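Residue numbers (the numbering used here): 9 to 176.
Think of the CB as a built atom: it goes at the ideal place given N, C-alpha and C, for glycine as much as any other residue.
These numbers come from a predicted model, not from an experiment.
As structure tokens, then:
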């Protein structure tokens with residue numbers, strides 16, 4: 009089971025903990041009432057309502073150093089993404105889940121959520137890959153990705169599509 013992060017049309021993050029189940033009717037009401045635009049299931053939740061999550065308070069959980077990726081929200085529209093390399097020969101070993109949670113908390117995030125790291129996480133800025141994955145590490149190749157977080161704007165970035173509709 010995974011935690012779930014929902015993002016509304018104002019950019020606010022909402023969380024559901026693993027095992028917290030809504031029936032389909034209740035879930036649809038929540039989605040409609042909160043104008044939910046996206047959902048992500050992974051986690052755990054790292055910071056919630058300005059507090060480190062219970063996972064961060066237990067030293068015995070999530071103590072392996074691995075490449076990690078997480079999103080944090082200072083406030084709606086103000087996000088911090090952390091993508092940490094790991095498993096790089098003679099290079100970075102990664103972070104524990106506790107460490108990435110504490111980093112986002114220390115950076116002022118009131119909400120944060122662990123995303124899939126390792127070979128599934130590729131950080132690209134203006135067309136340039138910034139992190140080492142796959143053949144650059146001790147673990148295989150990057151996996152094909154079908155999910156994407158896109159943040160920001162630039163005159164250099166294709167903007168013909170907005171809200172799933174081509175511009176006229």
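In the structure shown, residue 87 falls within a strand segment according to DSSP collapsed to helix, strand and coil.
Cβ-Cβ separation between residue 121 and residue 21: approximately 7 Å, consistent with a contact (criterion under 8 Å). Between the segment 72-83 and the segment 93-107, the count of C-beta pairs closer than 8 Å reaches three or more; the two stretches touch. It is roughly 24 Å from the alpha-carbon of residue 51 to the alpha-carbon of residue 137. Of the other Cβ atoms in all chains shown, fewer than 16 fall within 10 Å of the Cβ of residue 45; this residue is therefore exposed.
For residue 112, the enclosing alpha helix (DSSP H) begins and ends at 105-114. With contacts defined by Cβ atoms closer than 8 Å, residue 109 and residue 61 form a contacting pair. Contact between residue 10 and residue 49 holds: CB atoms are separated by about 5 Å, below the 8 Å threshold. Ranking 135, 134, 139, 42 by CA distance to the CA of residue 128 puts 139 first. Cα atoms of residue 95 and residue 126: separation of roughly 8 Å, rounded to the nearest angstrom.
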